[in-house]
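Report on the structure given below.
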Amino acid sequence: MILLRIMLFPFAVLYGWITRFRNWLYDKGVLKSYSFDIPVIAVGNLSVGGTGKTPQIEYLIRLLSVEYNVAVLSRGYKRKSKGFVLADTNSNAETLGDEPYQYYRKFQNVQVAVDADRKNGITQLLSQHEKPDVILLDDAYQHRKVKAGFYILLTSYDDLYADDFMLPTGNLREGRNGAKRADIIIVTKCPAGISEKERNEISHRLKISNKQALFFTYISYDDRIYGNNDIIPVSDIIAKHKTLVAGIAKPLPFFEHLRNERDVLMTFPDHHDFSMEDVSKITEKPDNLIVTTEKDYVRLIDKLQSDRLFYLPIKTAFVSGQQDFNQKVKSVFLKRGEITSVKN
């Protein structure tokens with residue numbers, strides 16, 4: 077695999093020039109970007125998958141939905157529907173995609189929509205009877221057709237964009253210069269005890285500008301797992317026989333958090349659409365608890381109706397500077413006088 081990536085280096089160089097030229101066209105106004113009269117916050121990355129966008133979006137929902145009407149707009153990766161779809165009681169992972177459906181199930185006080193055309197999606201959300209005060213664009217850092225008012229760029233601690241290269245040799249969807257568009261850069265999935273010295277070293281490697289803010293976060297696991305009819309403390313299930321199921325980009329931390337030496341570990345591709353054959357394999361051991369990620373749970377729940385099926389929620393936690401981050405995000409409502417309606 078490594079040899080193949082090296083052999084594809086010329087294509088990576090070509091892809092890098094194409095994405096750079098595309099960004100230049102947007103920067104110079106040759107290709108038009110559209111902005112809107114309400115705050116739009118884009119969250120994304122330079123690389124493909126595994127940087128923790130979902131818990132970061134959920135953090136922003138919790139932060140902003142107390143005061144504002146929040147809408148989340150995603151493309152709905154691997155969904156089976158087309159065009160603009162606003163989540164409702166008939167929605168599921170197939171019509172929305174796993175992550176948007178997770179948002180919808182979890183946060184009943186926010187609007188969740190999907191549309192590959194983010195400009196159209198925002199326009200549709202603004203035409204709803206209950207208009208949002210702020211729109212969170214999920215995985216939209218490269219969607220230059222919409223000019224967001226605020227950009228949050230994520231990069232994983234163990235795979236910094238500064239150490240990566242363009243696809244297909246590396247994992248970057250656009251060159252490292254794309255980081256300059258970010259207002260905030262977050263290094264995700266850090267060790268909780270990362271030292272100040274290492275944080276300063278990473279800041280230097282990422283070449284953070286004076287106009288940007290850098291934060292470090294880690295994954296905080298819930299102390300309980302959740303099923304349809306039961307909630308169990310994690311401490312009670314560590315020693316039990318389990319089948320651990322993960323269809324995410326980087327499953328190892330999930331496994332290491334829950335596993336014992338007798339557990340069955342089952343890994344699937346990111347955003348995997350579970351087949352009935354998959355379900356049969358997952359349920360092979362009738363005495364095992366089945367524990368999966370929250371994202372996989374929303375894909376499995378309609379196919380695996382079982383009291384043995386549970387999921388482990390995660391949250392984004394800040395190493396330091398959480399209040400500073402919150403204030404910087406909320407400052408988007410003060411830009412250009414765009415103070416919007418506040419919830420009663």
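Taken in order, the sequence shown gives residues 77 to 420; the numbers are from my numbering. Even glycine gets a Cβ: it sits at the ideal position worked out from N, Cα and C. Model, not experiment: these values are computed from the prediction.
Contact check, residue i vs residue j, beta carbons under 7 Å
i: ARG220; j: TYR373; result: no
i: ILE390; j: THR319; result: no
i: VAL119; j: ASN247; result: no
i: VAL321; j: MET342; result: yes
i: VAL222; j: ARG194; result: yes
i: ILE137; j: PHE183; result: yes
i: PHE344; j: THR369; result: no
i: ILE314; j: ILE308; result: no
i: SER150; j: ASP214; result: yes
i: ASP346; j: ILE324; result: yes
i: LEU385; j: GLY303; result: yes
i: VAL186; j: SER141; result: yes
i: ARG281; j: ALA216; result: no
i: GLY224; j: VAL116; result: Residue 224 is actually Ala in this sequence, not Gly. Yes; because the gap between Cβ atoms is below 7 Å, this pair is in contact.
Cβ-based neighbour list, residue i, same chain, cut-off 8 Å, excluding 5 preceding and 5 following
i: LEU202; result: PHE112, ILE114 and PRO208
i: ILE82; result: THR245
i: LYS361; result: HIS317, THR319 and VAL340
i: LEU84; result: PRO244 and THR245
i: GLN403; result: none
i: ARG257; result: TYR217, TYR227 and LEU229
i: LEU334; result: VAL310, ILE313, ILE314, LYS318, LEU320, VAL367 and LEU388
i: ILE415; result: Note that ILE415 has pLDDT 47, beneath the 50 cutoff, so the model's placement of it is unreliable and the number below is only indicative. Hits under 8 Å: PHE409.
i: ASP378; result: ASN168 and ALA169
i: ASP363; result: HIS317
Endpoints, alpha helix (DSSP H) assigned at residue i
i: TYR294; result: From DSSP, TYR294 is part of no alpha helix (DSSP H) but of the beta strand (DSSP E) over 289-297.
i: VAL374; result: 370-376
i: TYR227; result: From DSSP, TYR227 is part of no alpha helix (DSSP H) but of the beta strand (DSSP E) over 226-232.
Sequence-distant residues of the same chain with beta carbon closer than 7 Å to residue i, five excluded per side
i: THR127; result: ASN121, LEU230, THR231, SER232 and THR264
i: GLY92; result: MET242 and GLY251
i: ARG155; result: GLU170, THR171, LEU172, GLY173 and VAL190
i: ALA393; result: THR293, TYR294 and SER296
i: ASN196; result: PHE160
i: LEU79; result: none
i: LEU139; result: ASN402 and VAL405
i: ASN276; result: none
heavy atom of the ligand MN below 6 Å from residue i C-beta
i: GLY105; result: Among the ligands in the structure shown, none appear at all, so the ligand MN cannot be discussed.
Where the beta strand (DSSP E) through residue i begins and ends
i: THR424; result: This structure leaves residue 424 out entirely; the chain is present only between 77 and 420.
i: LEU236; result: Element bounds for LEU236: n/a, residue is neither H nor E.
i: ILE94; result: ILE94 -> not in any beta strand (DSSP E); alpha helix (DSSP H) instead, spanning 85-103.
i: ILE117; result: 116-121
Close Cβ partners of residue i (< 6 Å) along its chain, the five nearest in sequence each way excluded
i: SER417; result: The predicted model places SER417 with a pLDDT of 47, which falls under 50 and marks its position as unreliable; any figure quoted below should be read in that light. Excluding sequence neighbours, SER417 sits near ASP209.
i: LEU290; result: ILE261, SER279 and ILE284
i: GLY152; result: LEU172, GLY173, PRO176 and VAL190
i: TYR179; result: VAL148 and VAL188
i: ASP259; result: PHE226 and TYR227
i: ARG375; result: ALA169, ASP174 and PHE350
i: ILE94; result: none
i: LEU162; result: ALA189
i: LEU90; result: none
>> Suppose only complete runs of 3+ residues qualify. What are the beta strand (DSSP E) ranges in the stretch 249-335, listed by chain order?
In response: Runs found: 260-264, 289-297, 300-303, 307-309 and 318-322.
>> Any contact between the stretch 292-302 and the stretch 264-273? By contact I mean 3 or more CB pairs, one from each, below 8 Å.
In response: Touching, yes, given that three or more Cβ pairs across the two stretches are closer than 8 Å.
> Taking only runs of the beta strand (DSSP E) that begin and end inside the stretch 339-401, which ones reach a length of at least 3 residues, in chain order?
Replying inline: Within the stretch 339-401, complete beta strand (DSSP E) segments of at least 3 residues are found at 340-343, 365-369, 385-388 and 390-394, given in chain order.
>> List, from N- to C-terminal side, the beta strand (DSSP E) runs of 3 residues or more that fit wholly inside the stretch 127-152.
In response: Taking 3 residues as the minimum length, the beta strand (DSSP E) runs contained wholly in the stretch 127-152 are 146-150, in order along the chain.
>> Ignoring anything shorter than 4 residues, give me the alpha helix (DSSP H) runs that lie fully in the stretch 146-230, in order along the chain.
In response: If we require 4 residues or more, the alpha helix (DSSP H) runs fully inside the stretch 146-230 come out as 169-172, 174-182 and 194-202.
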